[in-house]
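Before any comments, here is the structure.
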Amino acid sequence: MHTRQILFGLALSTALSGCGNSSDTPAPSQSGFALNDQGYFEQQGVGLMVFQDTSPESRQSGLILVSHDNRLASNGDLRLELTPGQWSPVPRLLSRTVDRENGEIVATLKYPDERQHRTGFNPLDYPDLTLEYDLRVRAEGDDLLVQVDLKSPLPEEWAGKVGFQLELYPADLFGKSWIMDDATGIFPRQPYGVTAPADSTPTPKIVSDGERAGLVPLAHHRAQPAPLASGQRLTVAPESDPMRLQIESLKGELQLLDGRVQHQNGWFTLRSPIEAGATTNAVSWRITPNVVDGWAREPVIQHSMVGYHPEQNKVAVIETDPDAPPGDPLRLLKLDASGAQEVFSQAPTLWGDFLRYRYYQFDFSSVQEEGLYQLALGDTRSHPFRIARNVYDQNVWQPTLEYFLPVQMGHMRVKEKYKLWHDDSHRDDALMAPTDINHFDGYVQGSSTLTDFAPGEHVPGLTRGGWYDAGDEDFRIESQSGEVFILSAAYDEFGIQHDNTLIDQELRLTELREPDGRPDILQQIEHGLLTVVGGYEVLGRLYRGIIVPTLTQYVMGGDFSGQTDNLIYDKTLGRQERTATHSGLPDDRWVFTEENPAREFDAIANIAASVGPMRGYDDDLAERTLAAAEALWRVERAVESTTERNEQIRAAVELFRTTGKAEYRSFLLNQRDHILDQFRQIGWAVARVVHELDDPALTDAMRNAAAEYDRELQQKMNATPYGLDFEMQLWGRGWTLQHEGVAQYFLHKAFPEAFGKEYLLNILHYVLGTNPGANAQSYATGVGAKSKRAAYGLNRMDYSYIPGGVIVGTALIQPDFPELKEFPYLWQQSEYVLGGGASNFMFLALAADRLLNAETTD
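The sequence shown begins at -9 in the working numbering and counts up one residue at a time.
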């Protein structure tokens, strides 16, 4: 759900770079909580952050408690609803002060956050409420005291409705116990117990664009969760020393609520309502986490969950508590029928400190014998992995092509033997979006539809092709065409003939593990072109996106075929009337258009790259695609920004590759200064054709630029323990790193003597398991000995995953805690994406296999 990036853009704290090879953080105090150099309260193994993150929709804001290497609680702040969900109003952080002299952190906040409302991201009718307050936190021995001071009393109608709350991470608490005064209970695996409020509780009203446009009214679900318990003091997980937590309200009662009653992605919530007339000390809590004496974080061995080619560098990373270095040497074990045999043993090499941990590296590159291996450090053992020449060509990239892409196919019925993934969907696509509207998922329709279609008019020809993107069901032009590009590039480079899926466009049927005699990758490219080129042919321009109009539809997971009635809307019919093909229910998806040169050139490049693979497979579609790409290229448009110019160059590259026409060559040669100036961004694309441009001066200049870029990368490989230069941030870094890896492949291919491949291979290892945090695992779900088991895809409600999907990966809890929870609703860690996420990974695995095996046979 990419609109969350809009909200994240409002966050005041965004990223923390690697800390280099030294640590500024002292050892935790043994005599109670104290402010550390990172600006949060800390005692051995336990830390409380105060508004170092400001993304409440991501469950990453306000007070955040990390206890013994596990985030137990988040979003400690005032909220306007019992259990806020997505799109609920959030406050704006005005200031944050760390008062070291008095051992206090003070955050000043204000409702509403006008920026959230102004962006159009939040589809709420805001309540008539202005609220400014200070949130104070100070340490008192083993206790953390929280106080909220309002600048002025609440309006009478809001008294008892606004509350201070702290959200408790649910998945770790399922089956754990709680004590509230004299009441006891077990945190349930599923929510239960709801009640409907009897009074007119002031609540922000969620309003979708569909409702504003007078089309589909949103069903307002006003059920509220009944408290699991109420009292003065809550003890969480008394049976678990690392998780035990006590919270006491020193003023007013506590309510323990289950946020999943209203929202399946909700957390358990502890809340204190604010009384009428309260200002200073309106809320007063004592938070007492249990601190395990002498606790030290166990070491984590991070490695590729798939394994390594015999000839490549093999470096495992050991992540440890800064105060608990690995005392034992690291052992490499080879596994055979008799068990584990030690190959060799040596002390890992100290790398240094990064984020809150100390890192060591274990280089076993000298081991080249094929087989199964395992790493051991004392009693800690890694997952098994292979050393083999075919390590990247055995159940690594295949799941993306065999599972993820077929399951994501829209306008198709997708089956897997006994399982129905989803039925044929959105046969009623699509209505032209209303004008002058800002959709809640970021789509904007201006004062014109830019087509011959009127707002609300059915646009035919949009019921073929396209992939769900990916936890959402919308078709974004950049993701649809981007998927076409990366699949086409993979086919061109590696000639994949893999066939394990039946895809029948006439029957609108996809069946997994049913070969049909045609290469799956070509069928997937065709599926993308059917929506992109088909949309162009009917609209006379590219669409911006296709998406449902209401929030009720948008939040749906599972089988998207139920989002609409699959009947074309006819306004002459009553809401309950229908024919064989039409109905009076305006639930059809909307199609948006825009004028955006950068996205248009990007799409031109992407579809032009597919013409070659389509020739000989579907010649008619190949010619239609080329005609669309060239017609779009000829459209007169202003090219003003650097990004627009870069994408225009990419379009010219792919049109030249496809046609060989002199006009595209001339354009590229005229852009030589820009190409060299923007080499990091666009050089990889031009490298795809540089030798065919027949310009030795440009070729030499690009070779020199590639060599300089490679030297910089070599110097930056020590920026993190992973041989990569990146900053941890709210979103994981997997997707951006994979994109860099694809770009580097083309630079290496064009200039092998000037640009190396080691950085590319390190990116692949990062995605496959050599990544930070206690939950190091393969980001490619279902790939490797350990991978993500609960991902943000269409089956997230089942706490499940789609094989071959690639999550964004380990994210940062500010300022220094890397996290990858086994929870499907944290999209900033677990979301899938179309347009290159999984397919970039597939490309990199194929590239590694090609580069390493070509090297061994040369």
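Glycine included, every Cβ here is placed at the ideal spot set by N, Cα and C.
Asked: Which two residues bound the contiguous beta strand (DSSP E) that contains L125?; Found: L121 to E130
Asked: When the Cα atoms are used, what is the spatial distance from A838 to F741?; Found: 17 Å
Asked: Under DSSP, the beta strand (DSSP E) around D609 begins and ends at which residues?; Found: Run containing D609: none in the beta strand (DSSP E); it sits in the alpha helix (DSSP H), D609 to W623.
Asked: Going by C-alpha distance, which of S21, D162 and R589 is nearest R61?; Found: D162
Asked: Which parts of the segment 222 to 284 are runs of the beta strand (DSSP E), unbroken and 3 residues or longer, counting only runs that do not cross its ends?; Found: 223 to 226, 235 to 239, 244 to 248, 258 to 263 and 273 to 279
Asked: For W725, name the three-state secondary structure that DSSP assigns.; Found: helix
Asked: Does the beta-carbon distance from E821 to A460 come in below 9 Å?; Found: yes
Asked: Output needed for A612: all residues of its chain with C-beta closer than 7 Å, excluding positions within five of it in sequence on either side, in chain order.; Found: V601, M604 and R605
Asked: Please report the distance separating the alpha-carbon of F591 from that of A642.; Found: 9 Å
Asked: So, using beta-carbon positions, are Y349 and T390 closer together than 9 Å?; Found: no
Asked: Label R108 either buried or exposed according to how many other C-beta atoms from any shown protein chain fall within 10 Å of its C-beta, with 16 as the threshold for buried.; Found: Reliability of the predicted coordinates at R108 is poor, the pLDDT of 45 falling under 50, and the value obtained from them is presented with this limitation in mind. Exposed: under 16 other Cβ atoms inside 10 Å.
Asked: Where DSSP assigns a beta bridge to N428, which residues make up the other side?; Found: V434
Asked: Report the option in T760, V184, T269 and V290 whose CA atom is closest to the CA atom of L121.; Found: T269
Asked: According to DSSP, is S656 helix, strand or coil?; Found: helix
Asked: Using C-beta distances below 8 Å, list every residue in its chain close to D103, excluding the 5 sequence neighbours before and after it, in chain order.; Found: L0, P79, V80, P81 and R82
Asked: Report the residue from K409, V676, D27 and V136 whose alpha carbon sits nearest the alpha carbon of R655.; Found: V676
Asked: Since I believe Q638 is in contact with V625 (beta carbons under 8 Å), could you give me their beta-carbon distance rounded to a whole number of angstroms?; Found: In fact, because the Cβ distance is near 12 Å, the residues do not count as touching under 8 Å.
Asked: How about M295 and H373: are their beta carbons less than 9 Å apart?; Found: yes
Asked: Could you say which of Y101, K100, P505 and S230 lies nearest to E406 if we only look at CA atoms?; Found: P505
Asked: Quick check on DSSP: helix, strand or coil for A366?; Found: strand
Asked: Closer than 8 Å is the cut-off here; do at least three beta carbon pairs connect the segment 333 to 344 with the segment 314 to 321?; Found: yes
Asked: Identify, in the order they occur along the chain, each residue of the same chain with its Cβ nearer than 6 Å to the Cβ of T87, setting aside the five sequence neighbours on each side.; Found: V96
Asked: Could you check where the alpha helix (DSSP H) with K706 kicks off and where it finishes?; Found: P686 to K706
Asked: Taking 6 Å as the limit between beta carbons, can you name the residues of its chain near E634, skipping five residues before and five after?; Found: P587 and A588
Asked: Which one or two residues does DSSP pair with V601 in a beta bridge?; Found: DSSP, once it has assigned bridges, lists no residue as partnering V601.
Asked: Given a cut-off of 9 Å on the beta-carbon distance, is the pair G731 and L703 in contact?; Found: no
Asked: Roughly how many angstroms separate the alpha carbons of R640 and D442, rounded to a whole number?; Found: 30 Å
Asked: Between which residues of its own chain and G131 is the CB-CB distance below 7 Å, once the five residues before and five after are set aside?; Found: G22
Asked: Decide if the segment 805 to 813 is in contact with the segment 276 to 289; the criterion is three or more beta carbon pairs, one per stretch, under 8 Å apart.; Found: no
Asked: What are the boundary residues of the beta strand (DSSP E) that F475 is part of?; Found: From DSSP, F475 is part of no beta strand (DSSP E) but of the alpha helix (DSSP H) over I467 to F484.
Asked: Once the 5 residues before and after L492 are set aside, which same chain residues still bring their CB inside 6 Å of it?; Found: E501, E504 and D506
Asked: Out of curiosity, what's the CA-to-CA distance linking N490 and S230?; Found: 47 Å
Asked: Could you pull out every residue in the same chain whose Cβ sits closer than 7 Å to the Cβ of G535, ignoring the five residues on either side in sequence?; Found: Y433, D464, F465, R466, I467 and F582
Asked: Is Q214 closer than 9 Å to L784 when the C-beta atoms are compared?; Found: no
Asked: Kindly confirm or deny that the segment 794 to 801 and the segment 760 to 772 touch, where touching means at least three C-beta pairs closer than 8 Å.; Found: yes
Asked: Would you decide whether M170 is buried or exposed? Buried here means 16 or more other CB atoms lie within 10 Å of its CB.; Found: buried
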